[in-house]
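Position one of the sequence shown corresponds to residue 698 (the working numbering), numbered consecutively onward.
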Amino acid sequence: MLRQVSQAEAVEAAAQQARRESLQPNVLVDIAPGLNDPGVFVLIISNIGASIARNVRIKALDQMVRSDGLKLHELTVFTEPISVMPPGQTRQFFYDVGFQPFKGKSPLRCRFEVDCEGPFGPVETAHYDIDLTPYQGGWAAPTTLHSVVEQMKKAVSSLNSIGKAIHQEHDAARTSFECKIVQSTRMTDDFTTWLPAGEVLRPSNAASDEAAP
Numbered sequence: 698m699l700r701q702v703s704q705a706e707a708v709e710a711a712a713q714q715a716r717r718e719s720l721q722p723n724v725l726v727d728i729a730p731g732l733n734d735p736g737v738f739v740l741i742i743s744n745i746g747a748s749i750a751r752n753v754r755i756k757a758l759d760q761m762v763r764s765d766g767l768k769l770h771e772l773t774v775f776t777e778p779i780s781v782m783p784p785g786q787t788r789q790f791f792y793d794v795g796f797q798p799f800k801g802k803s804p805l806r807c808r809f810e811v812d813c814e815g816p817f818g819p820v821e822t823a824h825y826d827i828d829l830t831p832y833q834g835g836w837a838a839p840t841t842l843h844s845v846v847e848q849m850k851k852a853v854s855s856l857n858s859i860g861k862a863i864h865q866e867h868d869a870a871r872t873s874f875e876c877k878i879v880q881s882t883r884m885t886d887d888f889t890t891w892l893p894a895g896e897v898l899r900p901s902n903a904a905s906d907e908a909a910p
């Protein structure tokens with residue numbers, strides 16, 4: 698009997714622990730091709746858990762020097778805690794241009810350690826080992842420069858279309874306005890408007906001569 702009670706208590710404790718863990722935040726760290734620009738690698742920090750993560754502390758356990766010389770492991774995100782990360786929030790940081798890690802100019806393997814607090818207190822420390830070597834030899838995404846050039850081309854084309862539309866609208870409005878002025882002038886003028894000044898005055902002089910004795 699005591700053995701059965703002990704087993705039931707263990708099962709209940711395990712169930713409560715599972716419920717608590719399911720309600721705790723879960724902060725994930727990863728490095729992957731960017732969604733908006735697959736030509737670069739981005740460092741991704743996400744809270745994929747069910748509750749708010751507080752006092753998030755992320756440590757880069759390896760030195761990470763980017764191809765331009767920047768020491769990524771000294772970024773603020775690794776030296777200062779993130780006060781709050783709501784469920785579903787994602788933060789992205791530029792890691793490097795896509796092909797640079799494979800030239801030995803930035804690390805292919807990185808380790809991270811994550812601590813945070815949830816509604817039931819501190820969350821168990823999480824460790825992430827990131828390995829970019831599966832991308833090596835099969836990288837086919839465009840470079841950042843290519844992406845920028847393509848975006849600039851699209852922007853210029855869009856601006857040209859907008860400018861052309863504005864110019865056409867301006868010309869149409871100007872033509873319509875000028876037509877209205879001409880039409881208004883013709884409706885208000887009498888036939889004398891289009892006669893020379895001498896001819897306009899002759900009828901009045903002739904009338905005054907006939908009226909004289």
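In this text, a Cβ means the ideal position worked out from N, Cα and C, and glycines have one as well.
Paired residues, beta bridge with residue i - DSSP
i      : result
TRP824 : A small fix is needed here, since residue 824 is His in this sequence, not Trp. Its beta-bridge partners are GLU810.
GLY815 : GLY818
LYS768 : VAL762
ALA750 : MET782
ALA757 : PHE809
PRO730 : PHE738
VAL724 : ASN744
Host beta strand (DSSP E) of residue i (start-end)
i      : result
THR787 : 787-794
PHE775 : Unbroken run through PHE775 is the alpha helix (DSSP H), 773-776; no beta strand (DSSP E).
ILE742 : 737-744
Integer Cβ distance of residue i from residue j, believed to fall under 8 Å
i      : j      : result
LEU829 : PRO798 : 5 Å
VAL794 : SER748 : VAL794 to SER748, Cβ: 36 Å. No contact.
PHE809 : LEU758 : 7 Å
LEU720 : ILE728 : 28 Å between Cβ atoms; not a contact.
GLN786 : HIS770 : With a Cβ gap of about 23 Å, GLN786 and HIS770 do not count as contacting.
VAL726 : TYR825 : 5 Å
LYS768 : VAL762 : 6 Å
*For the region 812-820 and the region 745-762, state whether three or more C-beta atom pairs, one from each stretch, are separated by less than 8 Å.*
yes
*Is the region 730-739 touching the region 782-796, taking contact as three or more C-beta pairs under 8 Å?*
With the cut-off at 8 Å, the region 730-739 and the region 782-796 touch.
*asked:* Between the region 772-786 and the region 738-745, can you find at least three pairs of beta-carbon atoms closer than 8 Å?
replied: yes
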